[in-house]
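Colleague: Per our numbering, numbering of the sequence shown is gapless, rising by one per residue and ending at 163.
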Amino acid sequence: MHRFDAMVLIMGLLMGVLFLPLAAPAAQATKTVSLTAKEFSFTPASVTLKVGQRVALKLTNEGTVNHEFLSTILNAAKDVEIKVDDVRVAAGKVEEVEFAPRRTVIVEFTPLKAGKFAFWCAEQTNGKLHRDLGMKGTLTVGR
Ligand SMILES: [Cu+2]
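#1: Please specify which runs of the beta strand (DSSP E), each continuous and at least 3 residues long, are wholly inside the segment 108 to 160, giving them in chain order.
#2: Is there at least one non-hydrogen atom of ligand 1 closer than 6 Å to the beta-carbon of residue 115?
#3: Ligand 1: which residues have Cβ under 5 Å from any of its heavy atoms, chain order?
#4: Can you tell which of 74, 79, 163 has its C-alpha closest to the C-alpha of residue 134?
#5: Considering only the alpha carbon of each residue, which of 139, 129, 85, 152 lies closest to residue 65?
#6: With a threshold of 8 Å on Cβ separation, who are the neighbours of residue 97 within its own chain once the five nearest residues in sequence on each side are excluded?
#7: Looking at residue 86 and residue 118, is the spacing between their C-beta atoms short of 7 Å?
#8: Can you tell me which of the three DSSP states residue 86 falls into?
#9: In angstroms, rounded to a whole number, what distance separates the CA positions of residue 70 and residue 59?
#10: For the beta strand (DSSP E) containing residue 99, name the first residue and the last one.
#11: Please classify residue 57: is it buried, with 16 or more other beta-carbons within 10 angstroms of its beta-carbon, or exposed?
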C-alpha cells in the first residue's frame, strides 16, 4: 500500500467518525403543528406525531371565548414547555393551558410513548363542557 493510499484510508475513517454524529440528530428538529380552536372544534382534530420527535403545537384561538388545551399526552412526554410570543412561560408539570380569543400559545414537548392520546377543551358554556360540544381530538404517536 502506498503511503498516499493509507492517508486516504485514514481520512475516510476520520470523516466517518466525524460525520456520523452530524447525520443522526435529524429527529431533534422541532416539528410545528398548527391547531385552531373555536366554538366548538379543534382543526385539525387528528394529528400524527413520533416518539422522540420534538413537537410544537401552535394553538390559536379563533373563537370569541376562552378555550383550553388538555391532553393525556402531557403525562407521556418529556420537557413540556408553554410559550407565548416565543417566551417560555411555563415548563415541567403542565396540566392544562387556557388561551383567550385571538391569542396563540405553543405547547412544546417530546412524546415518549407510542399510542393514541386524547386532547380536549375543558371550558364550559351554559353548563356544557366544550369537549362534549365537539372540542376534542386525537394525537396519534407512532414510532
Ligand atoms: Cu373550548
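A virtual CB, placed ideally from N, CA and C, is assigned to each residue, including glycine.
Modeller: According to the data block:
#1: When DSSP assignments are scanned along the segment 108 to 160, the uninterrupted stretches of beta strand (DSSP E) that are 3 or more residues long and fall wholly within it turn out to be 117 to 119, 124 to 131, 135 to 140.
#2: no
#3: 87, 141, 143, 150, 155
#4: When each option's Cα is compared against that of residue 134, the closest is 163.
#5: 139
#6: 129, 130, 131, 132
#7: yes
#8: Of the three classes helix, strand and coil, the one that applies to residue 86 here is coil, per DSSP.
#9: 29 Å
#10: 97 to 104
#11: buried
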